[in-house]
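To start, the structure itself, in structure tokens.
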Amino acid sequence: MLPHLITIKRAALDLFFPQRCLGCGREGELICRPCRNKLPRIHPPICPRCGKPQASGILCSACINFNSYLDAIRSPFKFEGVMREAIHQYKYQNLRSLTNLFGLLVKDYWMKDPLPVELIIPVPLHPSRSKERGYNQSALLAIEFGKIFHFPVLPSALTRVKYVMPQTQTKSVEERRLNLKQAFVNRDSVVAGKQILLIDDVTTSGATLESCAEALKTAGAKCVRALVLAREL
């Protein structure tokens, strides 16, 4: 669709179906300014690898005792409150208009403490789930972040080859890791020697990101970090 037609369509939708804040219901924006200021943020000090709050600012006990393929996970928000609702709407209710806002929120976070990146790769959905949903929210985010930060994006670098039960149905971190073992493959040699930034909407145990990082490191990636909108703590 041409840009001017997209603008007209959005204006018409806003006229007949005005946006309302997912937090307070105020008309105007999907997350209004006051609600943005109240979003549950993750503040330093954090574990430099998993990104969870850590008073000492050094590796937490879980990371010390686990040999991870991931070099770091960063997330600006906790997966709760308005952010949880926004991600659910984005992921399951086709509220793709949140993409731009999420990009701006992450930009503010990233600019305070950027990490070296040469290539952005989104976490892929299994083809059957992608067909069911109609889009991959992580790919939308990756493309948006690539535009903002001027990094190349390679949506096809990873393929999900293993369909697994939802991670919410697993009982432990170890079970989640086993659930996703060898769930992803990399079929693009361009990742070799590169510093990769994985993009996803939310992480709980980090098992999905870990499996992606394993595939990328096996293909020769120099470094694999992850940036997610929100994480469960």
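Numbering of the sequence shown is given in the working numbering, commencing with residue 963 and proceeding in unit increments.
Note that CB positions come from ideal geometry on N, CA and C, so glycine has one too.
- Within the same chain, and ignoring the five residues on either side of ASP1150 in sequence, the residues whose Cβ sits closer than 6 Å to its Cβ are ALA1119.
- Within the model, the alpha-carbon separation for ARG1011 versus ILE1035 is close to 6 Å.
- Setting aside the 5 residues that flank it on each side, GLU991 is surrounded in the same chain by GLN981 and CYS983, each with a C-beta closer than 7 Å to its C-beta; the list follows chain order.
- Straight-line spacing of the CA atoms in VAL1123 and PHE1146 works out to 6 Å.
- A check of alpha carbon separations from GLY1108 across PHE1039, GLY1065, ARG998 and LYS1093 identifies GLY1065 as the nearest.
- Secondary structure at LEU1116: coil, using DSSP grouped into helix, strand and coil.
- The Cβ atoms of PRO1084 and SER1100 sit closer than 9 Å to each other.
- In the displayed model, CYS983 falls within coil according to three-state DSSP, outside both helix and strand.
- It is roughly 16 Å from the alpha-carbon of ARG1058 to the alpha-carbon of GLU1094.
- The beta carbons of GLU1194 and PHE1039 sit about 11 Å from each other, so the pair does not count as a contact at 8 Å.
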